[in-house]
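Some notes on the structure that comes next.
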Amino acid sequence: MKLGQERSLHMHKMEHRCQDTTAAKSNSDGSLQCNKQAFFTVILATMITMDSASAAPPSAGDNSAAFSLLCGALNLPVAEIRAPELPEEASEIEELAALLNVTAHNPEALKELVKEADAAQVIAKETTKANKVCTDVQRDVCLKAAVKYHKLKNNANYQLLEKVATSKETRQAVAAIVEQIMAGSRYLAAQKAAASTAAARKLLDDARGPQADGSTPATKTTATNNRKTACGTPLGSPAKGKLAGESIAADMLCVCGKDRQQTEPKACAPADLTSDAAITWNDMANSAKQWETLFRACQKGNKHKYATPETLRAAVTALLVEANTGKGTDRPAQHVIGLITGTGNTGCDGANGDTNGGTCVYYGSDSGGDLAISWASKMLSAADELDKADHAAKEARQTAAKLTDLNKTMTAIALLAAEASHKPDSKTDTNTIAQSMTKCETINKAAECKNKTECKWEGGDVKEGNHFKLNETHVAEKATQTWSGGNGETKTTYKQKGN
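Next up, the structure:
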């Protein structure tokens, strides 16, 4: 029934009652009483009619600015995340370190490991030397050593090394670097895992809301009763709307959604909901299709190819600035996005005009000074996760570079030890290598390291700590000088070889 018809019906009933003269005679004030009732009925009907006229929907484009703001946020969760630059696995370096370690310390176990096709089965046999040696962390070392042995068993340099690997000097020289390589390899693997962007991707997907496929419900929240309950009541309540801040999808429906009262399909132009059925807020019927339409309208203006920590934080900052900007007459309403008329205390009911309502989303004022915007918090957390991933990737690259340097040093020591075994003064040569390693290992102060040619300091301005590096060039040159003849002619020269 239309409100105009309802008003006529009220007047007809009043006239009928006042025509009852018998009732009027039985009450000397009956005529006055009837006139009072007629007066209040007319006033009530007039107020209802006025309220109906003022409770009009917003005009086309009234919420275009709010829609643009939410689109700017939405287009980031659907953008790509640039994968961090990660180094290759240091498996070859780790395998070589493992092989040199087992060759030097447990040659008998190595012979058992490489004799059979499956080294793991050899370790499992209780009667083998490998079973006693290859336990706990060392088991992985043994398996890697077996793999590398089959790759290098015909390598001339390794064959030379096998003959001298068990000497005390060689074991001392190799052991320290092998330990660093194995620890570095584990750290590299951990940092590569930490460089994953999966956590950020999950947070951004949640911030966006469900897939905009036209069928997936735009929210799992139901029983909102009406738009005002779903989207909130600025000034009328300190609590946020039931859907407010749940996701960008939910907020877009509050700001742009079309229902039986908010009938303007282009309130968030250029988005156009003309072809979409009205939302029923209690069960969120038809919200999926409207969410799809709004999503696609946003994508047409999407300029973000990648989501970065900087762009994510900028989008949230822009939202918070707008939400904290007062709206309505004399701008009393805060913590709100979208159109507000009057004071806004009748709620985000989808109306426009002198109703003190609006087409908006209200985030509440009872969250300790922070806006209760779950999706914005998730975007900030995603930015933090991307920063963590980037830091881990940098750590991984630095670790990989250190492993490469350690591998060169270890290879140099191994080759020097192997070739030195053919010289009369080989003991002196291997002692030089071992002593250089020992000197460098015991240094943890920058000043001491810089005063010794065996060491290179990699700690920058840091004065203390484990930032030394063996100066492999100096060690190699010193070993080569040891092999020179009395006339200064070098008998044997060192050339770095790959593994």
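So in our numbering, spot 157 of the sequence shown is number 1162, and the numbers just go up one at a time. Note that the Cβ used here is the ideal one computed from N, Cα and C, for glycine as well.
Since Leu1157 is in the alpha helix (DSSP H), which residue starts that stretch and which ends it? Start and end: 1142-1157.
Residue range of the unbroken beta strand (DSSP E) whose run includes Val1366: It spans 1363-1367 - the beta strand (DSSP E) in which Val1366 sits, taken as one unbroken run.
Find out if the Cβ-Cβ distance for the pair Pro1243, Ala1338 is shorter than 9 Å. No, the Cβ-Cβ distance between Pro1243 and Ala1338 is not below 9 Å.
Option in Gln1177, Gln1196, Asn1106, Asn1287 with minimal Cα separation from Lys1153: It is Asn1106 whose Cα lies nearest to the Cα of Lys1153.
Is the separation between the beta-carbon of Thr1351 and that of Trp1286 shorter than 9 Å? No; because the gap between Cβ atoms is not below 9 Å, this pair is not in contact.
Between Val1366 and Gly1237, how many whole angstroms is the CB-CB distance? I'm expecting something under 8 Å. Sure, about 6 Å apart at Cβ, within 8 Å.
Ala1387 (DSSP reduced to helix, strand or coil): Residue state, collapsed to three classes: helix.
If you reduce the DSSP assignment to three classes, tell me which class Ile1284 lands in. Coil.
Own chain, CB closer than 7 Å to Cys1303, minus 5 neighbours either side, in chain order: Excluding sequence neighbours, Cys1303 sits near Cys1076, Leu1079, Asn1080.
What's the gap between the Cα of Arg1206 and the Cα of Glu1297? Those two C-alpha atoms are separated by around 21 Å.
Sorted by chain position, which residues of the same chain lie with C-beta nearer than 7 Å to Glu1117's C-beta, five sequence neighbours on each side aside? Spatial neighbours of Glu1117 in its own chain (CB-CB distance under 7 Å, excluding positions within 5 residues in sequence) are listed in chain order as Val1127, Thr1133, Lys1134, Ala1135.
Spatial distance of Lys1399 from Val1260 (CA atoms): Distance between the alpha carbons of Lys1399 and Val1260: 42 Å.
Helix, strand or coil, according to DSSP, for Asp1332 in the structure here? Note that residue 1332 is Lys in the sequence shown, not Asp. DSSP, read as helix, strand or coil, puts Lys1332 in strand.
So, using beta-carbon positions, are Leu1344 and Ala1088 closer together than 9 Å? No, these two residues do not count as a Cβ contact at 9 Å.
Can you have a look at Asn1159 and say buried or exposed, based on whether 16 or more other CB atoms are within 10 angstroms of its CB? Answer is exposed; the Cβ neighbour count stays below 16.
To which residues of the same chain is Ser1370 closer than 8 Å at the C-beta, ignoring the five residues directly before and after it? Result list for Ser1370: Pro1243, Gln1339, His1340, in chain order.
C-beta atoms of Thr1221 and Ser1252 nearer than 9 Å: The Cβ-Cβ distance between Thr1221 and Ser1252 does not fall below 9 Å.
So which of Pro1062, Ala1095, Pro1063, Ser1069 has the shortest CA-CA distance to Leu1406? In the sequence on display, residue 1406 carries Ala and not Leu. Of the candidates Pro1062, Ala1095, Pro1063, Ser1069, the residue whose Cα lies closest to the Cα of Ala1406 is Ala1095.
What's the gap between the Cα of His1309 and the Cα of Arg1213? If I take the Cα positions, the gap works out to 15 Å.
For Leu1391 and Thr1313, which I take to be in contact (beta-carbon distance under 8 Å), what is that distance rounded to the nearest angstrom? About 7 Å separates the beta carbons of Leu1391 and Thr1313, which is inside the 8 Å limit, making them a contact pair.
Through-space distance from Lys1137 to Gln1164, alpha-carbon basis: Roughly 25 Å between the two C-alpha positions.
Among Ala1397, Ala1254, Asn1412, Gln1403, the one whose alpha carbon lies nearest that of Ala1195: Considering only Ala1397, Ala1254, Asn1412, Gln1403, the residue with the shortest C-alpha distance to Ala1195 is Ala1397.
Here's the rule: buried if 16 or more other CB atoms are within 10 angstroms of the residue's CB, otherwise exposed. What is Gly1347? Burial call: buried.
Note down the Cα distance separating Ser1292 from Asn1307, rounded to an integer number of angstroms. Distance between the alpha carbons of Ser1292 and Asn1307 is about 22 Å.
Less than 8 Å between C-beta atoms, sequence neighbours within five positions excluded: which residues of the same chain meet that for Ala1381? Result list for Ala1381: Ala1078, Ala1212, Gly1250, Val1321, Leu1324, Leu1325, in chain order.
Where the beta strand (DSSP E) through Leu1081 begins and ends: First-last for Leu1081: undefined, no H or E at that position.
Among the candidates Ser1386, Asn1412, Ala1417, whose CA atom is the shortest distance from the CA of Gly1189? If we check each option's Cα against that of Gly1189, Asn1412 comes out closest.
Through-space distance from Ser1201 to Ala1283, alpha-carbon basis: Spanning the alpha carbons of Ala1283 and Ser1201 requires a straight line of approximately 42 Å.
Where Leu1344 falls: helix, strand or coil (DSSP): Note: Leu1344 maps to strand in three-state DSSP.
Residues sharing a beta bridge with Gly1352, DSSP: Answer is Gly1362.
Residue(s) in a DSSP beta bridge with Gly1237: According to DSSP, Gly1237 bridges with Lys1245.
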